[in-house]
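1 is the number of the first residue of the sequence shown in UniProt numbering; add one for each residue after it.
Each residue gets a CB set at the ideal place from its N, CA and C atoms; glycine is no exception.
Predicted model, so just to flag it, every value in this text is computed and none were measured.
Worksheet: one structure, shown below.
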Amino acid sequence: MTAGALLDAAARAAADRAVAAGVELTVTGSSDAVVHVDADRVAQVLDNLLSNALRHTPRGGRVVLDARREGDRVLLRVADTGEGIAAEHLPHVFERFYRADTARDRDHGGSGIGLAISRALAEAHGGTLTATSPGPGRGTEVVLALAAADGPAPRPTAG
Numbered sequence: 001m002t003a004g005a006l007l008d009a010a011a012r013a014a015a016d017r018a019v020a021a022g023v024e025l026t027v028t029g030s031s032d033a034v035v036h037v038d039a040d041r042v043a044q045v046l047d048n049l050l051s052n053a054l055r056h057t058p059r060g061g062r063v064v065l066d067a068r069r070e071g072d073r074v075l076l077r078v079a080d081t082g083e084g085i086a087a088e089h090l091p092h093v094f095e096r097f098y099r100a101d102t103a104r105d106r107d108h109g110g111s112g113i114g115l116a117i118s119r120a121l122a123e124a125h126g127g128t129l130t131a132t133s134p135g136p137g138r139g140t141e142v143v144l145a146l147a148a149a150d151g152p153a154p155r156p157t158a159g
C-alpha cells in the first residue's frame with residue numbers, strides 16, 4: 001500500500017470530525033512510497049493521532065498529514081497548530097494513562113492509552129512513533145516511521 005493512500009484514507013475518515021471541530025484538515029506531500037503493513041492497524045494509529053490533533057487544536061486551527069521517503073524509511077506525519085506539549089512532558093506522552101496537564105483529562109475525551117497502543121502498533125510493524133513540540137501553544141508533530149517496501153524488511157516484535 002502506498003503511504004499516500006494510507007493518509008488519504010485517514011483524512012477521509014476524519015473529515016467530518018475536522019469540520020465539526022472547525023479545524024482545517026489537509027494532506028500534503030503524499031508519497032507513492034510503498035509500505036508493507038497491516039493497513040487496518042496503521043489506520044488505527046493514524047486515526048488515533050488525528051483524533052488527538054483535532055481534540056487539542058482550537059477552532060480555526062490546522063492539522064496537516066504528510067508522507068515522505070527518507071532513506072529506507074517512510075515517514076507519516078500528523079502536525080497541528082494546537083495546544084502543544086511542554087518539553088518535560090514529551091518523554092512521557094506514550095506512557096499508558098499519562099496526562100500532561102488538566103487540559104488533557106477525560107473531560108476532553110480519550111482514555112489515556114491511545115498513544116501507548118499506537119506506539120506498540122508502530123513497533124509491531126518494525127517502526128517508530130515519535131512526538132515533538134516547540135512548547136505550549138505552539139502545536140505538536142507526531143511521526144510514524146515505517147520501513148519502505150524496498151528497504152530492509154521490518155523485524156516483527158512479539159506483542
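Contact under 8 Å by Cβ, residue i with residue j
| i | j | result |
| --- | --- | --- |
| Ala149 | Val142 | no |
| Ala33 | Ala9 | no |
| Val35 | Ser118 | no |
| Ala39 | Leu6 | yes |
Beta carbon proximity, residue i to chain B, threshold 8 Å
| i | result |
| --- | --- |
| Ala86 | Protein chains in the displayed structure number just one, and chain B is not present. |
Residue burial classification, residue i (beta-carbon count within 10 angstroms, cutoff 16)
| i | result |
| --- | --- |
| Glu83 | buried |
| Arg12 | exposed |
Residue i versus residue j: straight-line alpha-carbon distance, rounded
| i | j | result |
| --- | --- | --- |
| Arg55 | Glu95 | 19 Å |
| Arg41 | Pro58 | 28 Å |
| Ser51 | Val78 | 10 Å |
| Asn48 | Arg69 | 22 Å |
| Ala20 | Thr26 | 15 Å |
DSSP state of residue i mapped onto helix, strand, coil
| i | result |
| --- | --- |
| Val42 | helix |
| Ala153 | In this prediction, Ala153 has a pLDDT of 49, which is less than 50 and means its spatial position is unreliable; what the coordinates show is noted afterwards. Three-state result, Ala153: coil. |
| Ala87 | coil |
Start-end ranges of the beta strand (DSSP E) lying completely within the stretch 24-74, minimum 3 residues: 24-28 and 62-70
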